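One structure is given here, and the rest of the page talks about it.
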Amino acid sequence: MDIGVLTVPLGGEPIDDAAAYLDGLGVDAVELGVGGWPGEDHVDRERLLGDGEARDELVRLLDGHGLRISALATHNNPLHPDEERAAAADRELREAIELADLLGVETVTCFSGLPAGAPGDSTPNWVTAPWPTEHADALDYQWDEVAVPYWRDLAKHAAHHGVDVAIEMHPNMLVYEPTGMAALREATNERIGANFDPSHLYWQGIDVTEAIRFLGERDAIHHVHAKDTRVYEANSRVKGVLDTTGYAEEADRSWLFRSIGYGHGEEHWKDVVSTLRMVGYEGALSIEHEDSLTSAREGLEKAVDVLDRAVFETEPGDAYWAE
1 MDIGVLTVPL
11 GGEPIDDAAA
21 YLDGLGVDAV
31 ELGVGGWPGE
41 DHVDRERLLG
51 DGEARDELVR
61 LLDGHGLRIS
71 ALATHNNPLH
81 PDEERAAAAD
91 RELREAIELA
101 DLLGVETVTC
111 FSGLPAGAPG
121 DSTPNWVTAP
131 WPTEHADALD
141 YQWDEVAVPY
151 WRDLAKHAAH
161 HGVDVAIEMH
171 PNMLVYEPTG
181 MAALREATNE
191 RIGANFDPSH
201 LYWQGIDVTE
211 AIRFLGERDA
221 IHHVHAKDTR
231 VYEANSRVKG
241 VLDTTGYAEE
251 ADRSWLFRSI
261 GYGHGEEHWK
271 DVVSTLRMVG
281 YEGALSIEHE
291 DSLTSAREGL
301 EKAVDVLDRA
311 VFETEPGDAY
321 WAE
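Residue 323, in the UniProt record's numbering, is where the sequence shown stops; the numbers in between run on with no holes.
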């Protein structure tokens, strides 16, 4: 497995400087933002689509620092009820897939998106319970009339370009947990799978290693984010985990995204790595830094330190003791 980094926190510096810094940390791979919320500080998607020399220059730069591209990232909402916003997100995603094909990158990471609850609504609607029954009707509409037709077409586009689409299971998106991820994959094709980010699963009460097994049995893990979360029970015991407190109000939140090792210990992350290997995943563990209690560089460095002791650097050997 490779230790990777989503380079968004380093977006304020030139890509050459960011790559040199990550190379010095012993990082193996980068996930590059090409649109949506990750932005495109390090990659001008539209320019690279039409400029082969610029694509070659990017690859040479990264090769010079011993880095490969694990994925291109464009997290946005292609199912948004605002047609202009949905069209922009769809264009970003389709162009990201096309650019990945041109660069020889196997994966694009994204969100599933979230529709409105009914035709004519103007705001995306995250349904979390089937009652009152209009919420169950809204969920049926979101899946049957919006999401499945869109993603079937997008999956064909991905298959045409030979690129996997890795969806991050994220609350306030239609696909936010493993059974929803499996349902979307079943309704589309094998190019649709998970960008397995455990940080959003921890606070929902999902067992991360069980989730890895569930999706791994379906060959549905295309990419992995290495990102931790800590639930602060002094707050969650009072107000639960569906917490709308601002992320900068750390002391009052029920949970926070944390650097690797600050939500769950090294033993847990070794278990995560081992379970990923059990289900056949040997790609990047792409560190996504969103820990408001530390700086980006310190958070990345501490995450690399933990993962460096957790990842396997060799292929499994023969089980000679079982012969």
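Beta carbons are placed, not taken as given, at the ideal position from N, Cα and C, and that holds for glycine.
None of these values were measured; they are calculated from a predicted model.
Quiz item: Thinking C-alpha only, which one of Gly24, Gly11, His222 is nearest residue 390?
Solution: The shown model of the chain, from 1 to 323, leaves out residue 390, and the question about it has no answer.
Exercise. Look at the alpha carbon of aspartate 63 and the alpha carbon of alanine 18, and state the distance between them as a whole number of angstroms.
Key: Going by the C-alpha atoms only, they are around 13 Å apart.
Exercise. Tell whether a beta-carbon distance below 8 Å holds between alanine 166 and alanine 71.
Key: Yes, the Cβ-Cβ distance between alanine 166 and alanine 71 is below 8 Å.
Exercise. Within its chain, find whatever has a CB closer than 6 Å to the CB of serine 139; leave out the 5 residues flanking it on each side and keep chain order.
Key: One point to set straight first is that residue 139 is leucine, not serine, in the sequence displayed. Cβ neighbours of leucine 139 beyond the five flanking positions: Val127.
Quiz item: Taking DSSP as the reference, what is the three-state secondary structure of valine 133?
Solution: Residue identity differs from the one stated: residue 133 is threonine in this sequence, not valine. Threonine 133 carries a helical assignment under DSSP once its states are collapsed to helix, strand and coil.
Quiz item: Which one or two residues does DSSP pair with serine 286 in a beta bridge?
Solution: In DSSP, serine 286 forms a bridge with Gly4, His225.
Quiz item: Taking all protein chains shown into account, do 16 or more other C-beta atoms lie within 10 angstroms of the C-beta of glutamate 95, making it buried, or fewer, making it exposed?
Solution: With 16 or more Cβ atoms within 10 Å of its Cβ, glutamate 95 is classed as buried.
Exercise. Can you check the segment 139-193 for any beta strand (DSSP E) of at least 3 residues that lies completely inside it and give the ranges in chain order?
Key: Here the runs fully enclosed are 164-168.
Quiz prompt | Unbroken alpha helix (DSSP H) run spanning alanine 275, endpoints | solution = Looking at the sequence provided, one finds threonine at residue 275 rather than alanine. Counting along the chain, the alpha helix (DSSP H) containing threonine 275 begins and ends at 266-278.
Quiz prompt | Residues that arginine 68 bridges to, as DSSP identifies them | solution = Bridge partners of arginine 68: Ala29.
Quiz prompt | For leucine 256, the three-state DSSP class (helix, strand or coil) | solution = Leucine 256: strand per DSSP, three-state reduction.
Quiz prompt | Nearest to asparagine 196 (by Cα), restricted to the options Thr314, Ala284, Leu102 | solution = According to the sequence provided, residue 196 is phenylalanine. The question's asparagine does not apply to it. Closest by alpha carbon: Ala284.
Self-check item: Endpoints, the beta strand (DSSP E) within which valine 108 is located
Solution: 107-110 is the extent of the beta strand (DSSP E) around valine 108.
Exercise. Could you name the residues of the same chain whose beta carbon sits closer than 7 Å to that of histidine 268, not counting the 5 residues immediately before and after it, in chain order?
Key: Taken in chain order, the list of residues that qualify is empty.
Practice problem: Return the chain-ordered list of same chain residues with a C-beta closer than 6 Å to the C-beta of proline 115, the five sequence neighbours on each side being excluded. | Solution: Spatial neighbours of proline 115 in its own chain (CB-CB distance under 6 Å, excluding positions within 5 residues in sequence) are listed in chain order as Leu79, Gln142, Val146.
Exercise. Quick one: using the 10 Å Cβ neighbour count with 16 as the cut-off for buried, is glutamate 323 buried or exposed?
Key: By the neighbour-count rule (16 or more Cβ atoms within 10 Å), glutamate 323 is not buried but exposed.
Exercise. Report the partner residues of alanine 19 according to the DSSP bridge assignment.
Key: Answer is none; alanine 19 lacks a bridge partner.
Quiz item: Terminal residues of the continuous alpha helix (DSSP H) containing tyrosine 202?
Solution: That run of the alpha helix (DSSP H) goes 199-202.
Quiz item: What did DSSP end up calling alanine 87 once you bin it into helix, strand or coil?
Solution: In the three-state DSSP reduction, alanine 87 falls in the helix class (H, G or I).
Quiz item: Are alanine 29 and serine 286 closer than 8 Å when you measure CB to CB?
Solution: Their beta carbons are under 8 Å apart, which means alanine 29 touches serine 286 by this criterion.
Exercise. List the DSSP bridge partners of glycine 36.
Key: His75, per the DSSP bridge assignment.
Quiz prompt | Of the listed residues Val224, Asp219, His75, Ala182, nearest to serine 199 (C-alpha basis) | solution = Ranked by Cα distance from serine 199, the first of Val224, Asp219, His75, Ala182 is Val224.
Quiz item: How big is the Cα-Cα spacing for glycine 26 and aspartate 56?
Solution: Taken atom to atom, the span from the alpha-carbon of glycine 26 to that of aspartate 56 is near 23 Å.
Self-check item: Closest Cα partner of glutamate 134 within the set Ala118, Ser254, Trp37, Pro81
Solution: Nearest of Ala118, Ser254, Trp37, Pro81 to glutamate 134, Cα basis: Ala118.
Practice problem: Out of Val5, Ala182, Leu174, Glu46, point me to the one whose CA is closest to serine 112's CA. | Solution: Here the closest residue by C-alpha is Leu174.
Quiz item: If we count Cβ pairs, one from each stretch, closer than 8 Å, do we get three or more for the segment 244-251 versus the segment 31-48?
Solution: With the cut-off at 8 Å, the segment 244-251 and the segment 31-48 do not touch.
Self-check item: Spatial neighbours of alanine 73 in its chain, beta-carbon cut-off 7 Å, leaving aside the 5 residues before and after
Solution: The residues are Leu6, Glu31, Leu32, Gly33, Val34, Pro38, Thr109.
Self-check item: Residue range of the unbroken alpha helix (DSSP H) whose run includes arginine 297
Solution: DSSP places arginine 297 inside the alpha helix (DSSP H), whose first and last residues are 296-310.
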